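In the working numbering, the protein residues as written are 96 to 437.
The beta-carbon is built from N, C-alpha and C at its ideal position, and this holds for glycine as well.
This structure is a prediction, so every number in the text was calculated from the model and none was measured.
Some notes on the structure that comes next.
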């Protein structure tokens, strides 16, 4: 039997101290035929020159930094394999990790499959075993810091992690991949929602191990992109009825986010996100039409996947989060039955 043909896409930007290790690990994958496409979004480290000399690697360089979402599009456009694997440049895959994820991705009804992402400083601990999805649009690394032994069973997850996942290339092309407008952050959440809306589930494979040199950081640009992209996803992926039902809670969330932005010193970035949505409202409307036309499953079904509690373990909760969670849970208890009936 011929082995699955996998095109792995890896982005490089900045110093990239782990790029060579990540690239070599992909090339050493067993059980698959592999090609590695590295998108040089402005790599300043020496690793990019080393990677260019590795057999089985193609390096493409866009005219400008296309971000994560745009870079993935650039790399995927160069792919020839039946399967696409997106692997972070600071993530090192085990030799059989891609073969194991591809095997599950080939099952009927599966849209995308993620590996078991472990913390590089202690691979016995999880970085993410699937990302929770809050109904207000927030998502975070699920299981972060917990023992991998507690996540040793294959599970269906609300959202995959963009750190390492596999998807059929034909399906990626049908979806037209990530929207380049996202630039970075939340695009893995959006594509997960879109797959669920097509009746395709996302799977977590515990024995497909990837160690991730994970560093959680927040800066003003990241705040801007996270909040802007969360709103893009809500405004384009949710049904109109869902937005109406959730409107009071979504407005309360915006007020809470603005207070957090004022206290955290990134209020200008929060306002900038609103400005982007207004300036690009024609694109938002077009994107909404596209996503609503392609859906096959109503939000009432997908609501079963969502949570009403914000509890990421990789970041300290801001003041008032416990009160927010109580309000959010109470509202969800009322809203969820309405969405189900629809």
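By the criterion of at least three beta-carbon pairs nearer than 8 Å, the region 159-167 is in contact with the region 98-116. Excluding its 5 nearest sequence neighbours in each direction, residue 288 has C-beta neighbours in its own chain below 8 Å: 228, 254, 328, 332 and 397, listed in chain order. Three or more beta-carbon pairs separated by less than 8 Å link the region 261-270 to the region 202-211, which places the two stretches in contact. Note that the region 215-227 touches the region 243-258; at least 3 beta-carbon pairs, one per stretch, sit closer than 8 Å.
Listed in chain order, the non-local C-beta contacts of residue 112 below 7 Å within the same chain comprise 140, local neighbours out to five positions each way being set aside. Within 10 angstroms of the beta-carbon of residue 384 lie fewer than 16 other beta-carbons, which makes it exposed. The three-state reading of DSSP puts residue 267 in helix, counting H, G and I together. Rounded to whole angstroms, the separation of the alpha carbons of residue 412 and residue 318 is 15 Å.
In this model, residue 124 and residue 172 are separated by some 22 Å (Cα to Cα). Taking 4 residues as the minimum length, the alpha helix (DSSP H) runs contained wholly in the region 114-162 are 114-122 and 142-147, in order along the chain. According to the DSSP secondary-structure assignment, residue 259 is paired through a beta bridge with 182. Distance from the CA of residue 189 to the CA of residue 303, rounded to the nearest whole angstrom, comes to 7 Å. Residue burial is scored here from C-beta neighbours: residue 388 has fewer than 16 other C-beta atoms within 10 angstroms and is therefore classed as exposed. As the crow flies, the alpha-carbon of residue 130 is around 26 Å from that of residue 284.
Scanning its chain for C-beta atoms nearer than 6 Å, with the 5 sequence neighbours on each side dropped, one finds around residue 299 the residues 209, 224, 225, 250 and 252, in chain order. Between residue 218 and the set 166, 241, 312 and 201, the nearest pair of CA atoms involves 241.
Membership of residue 318 in the alpha helix (DSSP H) is indicated by the continuous run 315-332. Annotation for residue 358: the continuous alpha helix (DSSP H) segment containing it runs 335-359.
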